[in-house]
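To start, the structure under review is shown below, and the notes come after it.
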Amino acid sequence: MSSHGDPIPMIARKSAGLKGEAHVPGDKSISHRSLILGAMAVGETKVTGLLEGQDVLDTAKAMRAFGAEVEKTGDTWHVHGVGVGGFAEPGNVIDCGNSGTGVRLIMGAMATTPITATFTGDASLNSRPMARVTDPLALFGARAYGRKGGRLPMTIVGAADALPVRYATPVPSAQVKSAVLLAGLNAPGETVVIEREATRDHSERMLTGFGAQVTTEESPEGRVITLVGQPELKPQTIIVPRDPSSAAFPVCAALITEGSDVLVPNIGLNPTRAGLFFTLQDMGADLTFENMREEGGEPVADLRAKFSPNLKGIEVPAERAASMIDEYPVLSVVAAFASGKTHMPGVKELRVKESDRIDAMATGLRLNGVEVDEGEDWWTVHGRGFGDVKGGATVESHLDHRIAMSFMVMGLATEAPVRVDDGGPIATSFPIFETLMTGLGADMGRDA
1 MSSHGDPIPM
11 IARKSAGLKG
21 EAHVPGDKSI
31 SHRSLILGAM
41 AVGETKVTGL
51 LEGQDVLDTA
61 KAMRAFGAEV
71 EKTGDTWHVH
81 GVGVGGFAEP
91 GNVIDCGNSG
101 TGVRLIMGAM
111 ATTPITATFT
121 GDASLNSRPM
131 ARVTDPLALF
141 GARAYGRKGG
151 RLPMTIVGAA
161 DALPVRYATP
171 VPSAQVKSAV
181 LLAGLNAPGE
191 TVVIEREATR
201 DHSERMLTGF
211 GAQVTTEESP
221 EGRVITLVGQ
231 PELKPQTIIV
241 PRDPSSAAFP
251 VCAALITEGS
261 DVLVPNIGLN
271 PTRAGLFFTL
281 QDMGADLTFE
291 NMREEGGEPV
301 ADLRAKFSPN
311 LKGIEVPAER
321 AASMIDEYPV
331 LSVVAAFASG
341 KTHMPGVKEL
351 RVKESDRIDA
361 MATGLRLNGV
371 EVDEGEDWWT
381 VHGRGFGDVK
391 GGATVESHLD
401 HRIAMSFMVM
411 GLATEAPVRV
421 DDGGPIATSF
431 PIFETLMTGL
441 GADMGRDA
């Protein structure tokens, strides 16, 4: 069942070539961080291109609850911040809906201010583990009281006298790293995060843009990120680049749908986020980067994707996983249309996303005639090649927007239609998905 009402069954049918430009929404990771750091700055931050999916709107509501003024005028969002350490205690429970990014970053941002806040979410979010964030926040002096297994609903009591922290992340996670850095803003001295594998660095880039002192060094331990606490963050004017994770869906759809030629403009190509596109090129995809440039400190390009009937299965480098962790579901769909095996190691993080994404995708692919092997930290899709993927099944989305969208992409190229039991969660990250895809020529929509 959808977290936003009754289930919305959807269906995708084999389509003729997709054509045109796909203007995907703003980057979700940057949108969350724009609102949170804007709320922690002194003065007015202006944001254009903000992703207005439910996840980000829930973060905007949370910032209002902590005392910041957040409003939209025309195409611009205005955030009047309260300064580092200036959050007020919310009067009500903070509902973060479906957003693991939102809740974990907000917990970090308030953990070193002496206030108390209670967080909850939908059924999917409330089943996800929070200890990976609350454990390092406890080192600052914050306390967390949640359900068994460290799950929401959860009350965080912020540290009255925060201490700086040196923390090595046990698993690659930009959410954990960012939560610790945000907590470090209101701690004296230097807070240090060490990550063995590099994860998306939007927080470091944006913290620097807001005036925080952040340095990154490579060491035998890994990447060492140091933040100097208690800065006065300066408000910014932010243009949010378009989301590479959203771009993945029209790009992958074009590669497997015969006769397609799709341009996806203004996509952020931050090297810590662009792993999918390089992986697709390794598989032989007709995917090119045009008009490469830099905007707001982030590399940007227009992506052109054309039908690619001769895709080959590959071994995806494990070290690339952190740069494409959200894109493995739709990559597995492309792999089903490739020739040979696509092996994806180093992906245990997929087990604890909005759903167990390995299990959800493997189950759905098998129902649609594709052989899949899986382990705790890896999975392998045995590609059938273009024109030989049967389809015809109804799959469960498990309240996971990326599972729902991935199977809608699959149905555009299978022999028989593919159905999803509930496409409602798509609105959390890509509210214009159906409109955008049908505008390109995709045969998809609600299933009667």
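All the letters of the sequence shown, read from the start, carry residue numbers 1 to 448 under the UniProt record's numbering. Just so it is clear, CB atoms sit at the ideal spot from N, CA and C, and this is done for glycine as well. On a predicted model such as this, the values are computed, not experimentally measured, just so you know.
Q.
Let me make sure I understand the geometry here. Which of I115, I8, A22 has the alpha-carbon closest to that of A65?
A. I115
Q.
Among the candidates S15, Q175, N186, whose CA atom is the shortest distance from the CA of A142?
A. N186
Going along the chain, which residues of its own chain have a beta-carbon closer than 6 Å to the beta-carbon of A305, five neighbours each way excluded? V251, A254, L255, V262, L287
Neighbour-count burial assignment, N310, 16 or more Cβ in a 10 Å radius
exposed
**Study point:** L280 versus R147, V334, E319, E295, residue with shortest Cα-Cα distance
**Key:** V334
Range covered by the alpha helix (DSSP H) that runs through T134:
131-140
TODO: Give the secondary structure of I432 by DSSP, where H, G and I count as helix, E and B as strand, and everything else as coil.
DONE: coil
Notebook entry, point to check: How about E232 and V42: are their beta carbons less than 8 Å apart?
Noted result: yes
**Prompt:** Taking the Cβ atom as the reference point for each residue, do K46 and H80 lie within a distance shorter than 8 Å?
**Reply:** no
- Message: Using 8 Å as the threshold, is the C-beta distance between E190 and P431 below it?
- Response: no
Q: For the alpha helix (DSSP H) holding A404, just list the boundary residues, first then last.
A: 401-411
Legend entry - Length-filtered (3 minimum) beta strand (DSSP E) runs lying within the region 27-94: 42-48, 69-73, 76-82
Can you find the residues in the same chain that come closer than 8 Å, C-beta to C-beta, to R293, ignoring five residues on each side of it along the sequence? P299, V300, A301
### Message
For N291, count the other beta carbons within 10 Å of its own beta carbon; 16 or more makes it buried, fewer makes it exposed. Which is it?
### Response
exposed
Query raised in the report: R104 lies in the alpha helix (DSSP H); which residues open and close that run?
Result: 100-110
Going by DSSP, what residue range makes up the beta strand (DSSP E) through P265? 261-268
- Collapsed DSSP secondary structure at I382 in the structure displayed: Correcting the residue type first, residue 382 is His in the shown sequence and not Ile. Correct three-state label for H382: strand.
State yes or no: is the C-beta of T414 within less than 8 Å of the C-beta of K61?
no
For L137, is the classification buried or exposed, using 16 other Cβ atoms within 10 angstroms of its Cβ as the cut-off for buried? buried
Note to self: Can you tell me whether G97 is buried or exposed? The criterion is at least 16 other CB atoms within 10 Å of its CB, across all chains shown.
What the structure shows: buried
- Task: Can you tell me which of the three DSSP states R273 falls into?
- Result: coil
Exercise for the section: Check each candidate in S355, M410, G275 and name the one with the smallest Cα separation from M344. Expected result: G275
Do you know whose CA, among T101, L365, V395, lies nearest V389's CA?
-> L365
ask   = Going along the chain, which unbroken runs of the alpha helix (DSSP H) with 4 or more residues stay wholly within the region 301-353?
value = 328-336
Coil, strand or helix - E415 by DSSP:
coil
Tell me which same chain residues have a C-beta within less than 6 Å of the C-beta of A393, skipping the five on either side of it? L367, N368
TODO: Give a yes or no on contact between the region 7-23 and the region 429-445, applying the rule of three or more CB pairs nearer than 8 Å.
DONE: yes
**Asked** Going by DSSP, what residues sit across from R147 in a beta bridge?
**Response** R151
Note to self: Residues in the same chain with beta-carbon distance under 6 Å from Q213, minus the five sequence neighbours each way, listed in chain order, please.
What the structure shows: V228
**Asked** In terms of residue numbering, what span does the beta strand (DSSP E) encompassing D443 cover?
**Response** 443-446
Whole-Å CB distance - E396 paired with A448, under 8 Å assumed
Incorrect: roughly 19 Å between the Cβ atoms, too far for contact.
Q) Can you give the Cα-Cα distance for D6 and D421, rounded to whole angstroms? A) 11 Å
Would you call the CB atoms of R242 and G26 closer than 8 Å?
-> yes
Practice problem: Jot down the residue ranges of each uninterrupted alpha helix (DSSP H) in the region 173-200, minimum 4 residues, whole runs only, in chain order. | Solution: 174-184
Does the Cβ of D201 have 16 or more other Cβ atoms within 10 Å, making it buried, or fewer, making it exposed?
buried
Excluding the five sequence neighbours on either side, which residues of its own chain have a C-beta within less than 6 Å of the C-beta of V224, listed in chain order? I194, E217
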